[in-house]
Structures are given as C-alpha cells and as structure tokens.
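Contents: one structure, followed by commentary.
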Amino acid sequence: MLNTMLQAATGMAQFGGAVGAGLAAIGAGIGIGLIGKGAVESIARQPEASGDIRANMILTAALIEGVALFAVIAGLLAVLSK
Amino acid sequence: MLNTMLQAATGMAQFGGAVGAGLAAIGAGIGIGLIGKGAVESIARQPEASGDIRANMILTAALIEGVALFAVIAGLLAVLSK
Amino acid sequence: MLNTMLQAATGMAQFGGAVGAGLAAIGAGIGIGLIGKGAVESIARQPEASGDIRANMILTAALIEGVALFAVIAGLLAVLSK
Numbered sequence: 001m002l003n004t005m006l007q008a009a010t011g012m013a014q015f016g017g018a019v020g021a022g023l024a025a026i027g028a029g030i031g032i033g034l035i036g037k038g039a040v041e042s043i044a045r046q047p048e049a050s051g052d053i054r055a056n057m058i059l060t061a062a063l064i065e066g067v068a069l070f071a072v073i074a075g076l077l078a079v080l081s082k
Numbered sequence: 001m002l003n004t005m006l007q008a009a010t011g012m013a014q015f016g017g018a019v020g021a022g023l024a025a026i027g028a029g030i031g032i033g034l035i036g037k038g039a040v041e042s043i044a045r046q047p048e049a050s051g052d053i054r055a056n057m058i059l060t061a062a063l064i065e066g067v068a069l070f071a072v073i074a075g076l077l078a079v080l081s082k
Numbered sequence: 001m002l003n004t005m006l007q008a009a010t011g012m013a014q015f016g017g018a019v020g021a022g023l024a025a026i027g028a029g030i031g032i033g034l035i036g037k038g039a040v041e042s043i044a045r046q047p048e049a050s051g052d053i054r055a056n057m058i059l060t061a062a063l064i065e066g067v068a069l070f071a072v073i074a075g076l077l078a079v080l081s082k
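Chains as they are written, first to last, in my numbering: chain A, 1 to 82; chain B, 1 to 82; chain C, 1 to 82.
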C-alpha cells in the first residue's frame, strides 16, 4: 500500500514535469519569436545595420534560451524521477 | 488494488506528457510563426536583403525549435513511462 | 472495483492524449496561419519576390509542422495506451 502511494506520487511528478517543460517552451517560443520578428523587420528597414541588429538579437534570444532550457531540464528531471 | 493504483499513476503521467508536448508545440507554433511572418514581410519590403533576413530567421527559429523539441521529448518520455 | 480503477486510469491517459494533440494543433494552426498570412500579403505587395517569399514560407512552416506532428504523435500514443 505504501509502495503504491509512492508510485502514485511518481505519476504526479511526471505529470508536472512534462507540463512544466511544455510551459517553458511556450515562453521561449513567444519570446524568441517576438525578437526574431523584430530583427528581420529591422534589417528590412535598415539593411546596413544588420550586423548590429543580429548581435543584439542573439544576445536577448540567448538569455531567453538559457532560462527556458533550465526549466525544461527541471521538467525532464521530474519526468525521469522514480 | 496496489497494482491498479500503480496504473492510475501511469495514467496521470501519460496525461501530463501528452498535454506538455501539446503546450510545447503551441510555443513553437506561435514563435516560429511570428518569425516567419516577419521574414516574408521583410523580404517583400527589402528584397535585396533576403539573404541576411533568411540567415537571422533560421537562427532564431532553430533556437525555438531546440527548446520545443526538448520539451516534446520530455512529454514523450512521460507518455512512454510505465 | 480494481478493474474499474484501471479503466479510470486509462481514461485519464486518453483524455490527456486527445487534449495534448488538440493543443499541438492550436500551435500549428496559429503559427502556420501567421506565416501564410504574411506570405500572401507580401506577395501582394511585391509580386516579383514571390519565389523568394515562398521558399522562406515553406521553410518556417516545415519547422512548425515538425514539432507539432511530434506532439500529436505523443498524444496518439497516450490515446492508444492501455
């Protein structure tokens, strides 16, 4: 009985881990999407500033990527817990 | 009885895994969609900058794709857990 | 009683699988919708760049399609679990 309740808890952990990883991907998707949209539109408006635009685009996208990957790893660890 | 509660736990894990994978796909869809929309509109405004625009488009889309695929894999692991 | 709880667990997994597949379809729908909208509007504004626009449209739409199909497969596996 005790062992079974432990298994039920593991099921809940996997549930939360997968949902959390999905939520993190939503954040990264919307955030980096906004950055990428702004960057390509800015290059179209000012093509000679494309190097500068790309540098700033990568910088902010990497910041989002860092947090999101961290959260996905946390979700993955919860999924793999037993 | 014990075995059945174990099955219930697995059901919750599969529930969360599928929902999490769907959430990750929402993030990738909105994010890459924004980038793709911005890119084609930018090429229409400045066709001679299309190479530069495409490079930045692929770069940010790949960043989103990476996180989203990672989260979908986490969901898939939860679905396949037993 | 035991058998019934097992059925309930399977029901949760299938419920989540269907919802997750639906969420993935939301993501793909919004994302590819944004790209398609931008593409046809861009071709209307700059018809001579239509080849370039179509190439970029297909590229980003394929990226979204990849993640979304993966998530739908995860949902399908949860639905088919027993």
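Ideal Cβ placement from N, Cα and C applies to all residues, glycine included.
Q: Output the boundary residues of the alpha helix (DSSP H) element that contains S50 (chain C).
A: Within the third sequence, the letter at position 50 stands for residue 50 (chain C). Counting along the chain, the alpha helix (DSSP H) containing S50 (chain C) begins and ends at S50 to L80.
Q) CA-CA distance, A49 (chain A) and R45 (chain B)? A) Taking the first residue of the first sequence as position 1, residue 49 (chain A) is located at position 49. Taking the first residue of the second sequence as position 1, residue 45 (chain B) is located at position 45. Distance from the CA of A49 (chain A) to the CA of R45 (chain B), rounded to the nearest whole angstrom, comes to 16 angstroms.
Q) In chain A, which residues lie with their C-beta within 7 angstroms of the C-beta of L6 (chain B)? A) Reading the second sequence from its first residue, position 6 is the one you call residue 6 (chain B). Going along chain A in sequence order, the residues near L6 (chain B) (Cβ under 7 angstroms) are T4 and Q7.
Q) Would you say G17 (chain B) and I32 (chain C) are within 8 angstroms of each other, going by their C-beta atoms? A) Your numbering for residue 17 (chain B) matches position 17 in the second sequence. Your numbering for residue 32 (chain C) matches position 32 in the third sequence. Taking C-beta atoms as the reference points, G17 (chain B) and I32 (chain C) fail to come closer than 8 angstroms.
Q | G11 (chain B) versus L69 (chain A) - alpha carbon distance | A | Sequence index remark: in the second sequence, residue 11 (chain B) carries index 11 (1-based). Sequence index remark: in the first sequence, residue 69 (chain A) carries index 69 (1-based). Near 26 angstroms, if we compare the C-alpha coordinates of L69 (chain A) and G11 (chain B).
Q) If you draw a straight line from the alpha carbon of A61 (chain B) to that of E65 (chain C), how long is it in whole angstroms? A) The residue you call residue 61 (chain B) lines up with position 61 of the second sequence. The residue you call residue 65 (chain C) lines up with position 65 of the third sequence. Straight through space, the alpha carbons of E65 (chain C) and A61 (chain B) are spaced by roughly 13 angstroms.
(Q) What would DSSP say about Q7 (chain A), mapped onto helix, strand or coil? (A) In the first sequence, residue 7 (chain A) corresponds to position 7, counting from 1. Here Q7 (chain A) sits in helix by DSSP.
Q | Rounded separation between S81 (chain B) and L77 (chain A) - CA only | A | Counting from 1 along the second sequence, the entry for residue 81 (chain B) is found at position 81. Counting from 1 along the first sequence, the entry for residue 77 (chain A) is found at position 77. If I take the Cα positions, the gap works out to 13 angstroms.
Q) Are any of the Cβ atoms in chain C nearer than 8 angstroms to that of L63 (chain B)? A) Stepping through the second sequence from its first residue, residue 63 (chain B) is reached at position 63. In terms of beta-carbon proximity, L63 (chain B) stays away from the interface with chain C, with every pair separated by 8 angstroms or more.
Q. So, does the CB of L23 (chain C) fall closer than 8 angstroms to a CB anywhere in chain B?
A. On the third sequence, residue 23 (chain C) is found 23 positions in, with the first residue counted as 1. Chain B, which has a Cβ nearer than 8 angstroms to the Cβ of L23 (chain C), makes this yes.
Q. For Q14 (chain A), which three-state DSSP category applies?
A. The residue labelled residue 14 (chain A) in the question sits at position 14 within the first sequence. The DSSP-derived three-state label of Q14 (chain A) is helix.
Q. To the nearest angstrom, how far is it from the Cα of A55 (chain C) to the Cα of L6 (chain C)?
A. By one-based count along the third sequence, residue 55 (chain C) stands at place 55. By one-based count along the third sequence, residue 6 (chain C) stands at place 6. As the crow flies, the alpha-carbon of A55 (chain C) is around 50 angstroms from that of L6 (chain C).
Q. If we call anything under 8 angstroms between Cβ atoms a contact, is G27 (chain C) one with I30 (chain B)?
A. On the third sequence, residue 27 (chain C) is found 27 positions in, with the first residue counted as 1. On the second sequence, residue 30 (chain B) is found 30 positions in, with the first residue counted as 1. Yes, they are a contact pair.
Q. Would you say G16 (chain C) faces chain B, with C-beta separation under 8 angstroms as the test?
A. By 1-based counting over the third sequence, the position of residue 16 (chain C) is 16. Yes, contact with chain B.
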